[in-house]
Amino acid sequence: MVVSLQLAGNGYAQGFANLGFETTTITPVVFPGGTRYVATVPGWTWTPPGNFVNGDPNTVGFNEYALDSPAVSLEGTDSSIAPAIQGNYSILLQGGSQFYPQQGGGASVFQTGLIPVAARSLIYLGGTGLFYSGGAGLQVTFNGQSLSPVALASAPSYTRWGIDISPYAGQSGELRFAVPWQGVRLLDGIQFSSGAVPEPSAISLSILGFVL
Numbered sequence: 012m013v014v015s016l017q018l019a020g021n022g023y024a025q026g027f028a029n030l031g032f033e034t035t036t037i038t039p040v041v042f043p044g045g046t047r048y049v050a051t052v053p054g055w056t057w058t059p060p061g062n063f064v065n066g067d068p069n070t071v072g073f074n075e076y077a078l079d080s081p082a083v084s085l086e087g088t089d090s091s092i093a094p095a096i097q098g099n100y101s102i103l104l105q106g107g108s109q110f111y112p113q114q115g116g117g118a119s120v121f122q123t124g125l126i127p128v129a130a131r132s133l134i135y136l137g138g139t140g141l142f143y144s145g146g147a148g149l150q151v152t153f154n155g156q157s158l159s160p161v162a163l164a165s166a167p168s169y170t171r172w173g174i175d176i177s178p179y180a181g182q183s184g185e186l187r188f189a190v191p192w193q194g195v196r197l198l199d200g201i202q203f204s205s206g207a208v209p210e211p212s213a214i215s216l217s218i219l220g221f222v223l
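Numbers in my numbering are just positions in the sequence shown, counted from 1, shifted up by 11.
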C-alpha cells in the first residue's frame, strides 16, 4: 500500500506547486474562424515556451494538438484528443512529428522545489492507449539526474508509475517530465509518497495474482 504525504497533491507541496494541474485560468481567444482557448499552468515552466494558439509566453493551448511541432497543452475531461486522466485537467507533452527536425524536437514541463524529507517515492500517472502508442515514454529527471520509473499498476487509460526518490529526500532541485522527438504522453497525478516503490519482481507477482 502506498501512503501519500498530505503535503503533495494538487496544491503546494514544500515549494512544488499544482502537481495535479488542477489550478488554471482558461481564457478564450477569438479568431475570425472561431474561438480557441489558452490556459495557465501555475508553478510550471515548459518547453517549447509559449503556445501555438496566440504565442502567449505565459499560457499553453487548452484542448489543443499541434500538427507537427513540439508543444505542451492542457487537456480537460472534454478533450476530443486526450481526455484528462484524473480530476479536470492533465498535461499533454508532444515532442514533434517526423516532419519536424529531430534536433529541435522534444517537450517538457518542469519546476524547482524541495522534495519532502519523508518522501521515499515519486508517483505519477502516464496516459496509455492507441493515441500514445507511436511515441517514446516519459523521461523524468531531478537536477539533471535521470530517474527510473517502475510500472506499478495499469488501467484502461493510464499506467501508474513509481520512482525511488529517497536518495533526493530533503533536497531542492528541478523536477522535469519530458518526451523526446516523436514522443507523445499525457501526464497527471504527480505526488510524493512515504511508501517505498515495490521491487519489479513483487509487482509482477501482484499482477499475476490479479490475472489469476
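Idealized CB from N, CA, C, for every residue including glycine.
Please name the residue or residues paired with Asp175 in a DSSP beta bridge. Ser132
I want to know whether the region 55-63 touches the region 79-97 - three or more CB-CB distances under 8 Å. yes
According to DSSP, Ala234 sits in a beta bridge with which residue or residues? The requested residue 234 does not occur in the structure, where the chain is confined to residues 12 to 223.
Close-in-space but distant-in-sequence residues of the same chain around Val128 (CB under 7 Å, 5 per side omitted): Ala180, Gly181
I'd like the list of long-range same chain contacts for Trp192, defined as Cβ closer than 6 Å, with 5 residues on each side in sequence excluded. Gly106, Gly107, Gln113, Gly116, Gly117
Going by DSSP in three states, Gly145 sits in which element: helix, strand or coil? Caution is warranted here: a pLDDT of 49 is assigned to Gly145, below 50, making its placement in the model unreliable, and the coordinate value is therefore given only provisionally. Residue state, collapsed to three classes: coil.
Length of the line joining the Cα atoms of Glu210 and Leu125: Cα to Cα, the separation comes out at about 26 Å.
Counting pairs of beta carbons, one from the region 60-78 and one from the region 157-173, are three or more of them closer than 8 Å? no
What are the uninterrupted segments assigned as alpha helix (DSSP H) that are 4 or more residues long and contained completely in the region 22-60, given in chain order? none
Does DSSP put Gln113 in a helix, in a strand, or in coil? helix
Considering only C-alpha positions, which residue in the set Val49, Leu103, Tyr111 is nearest to Asp199? Leu103
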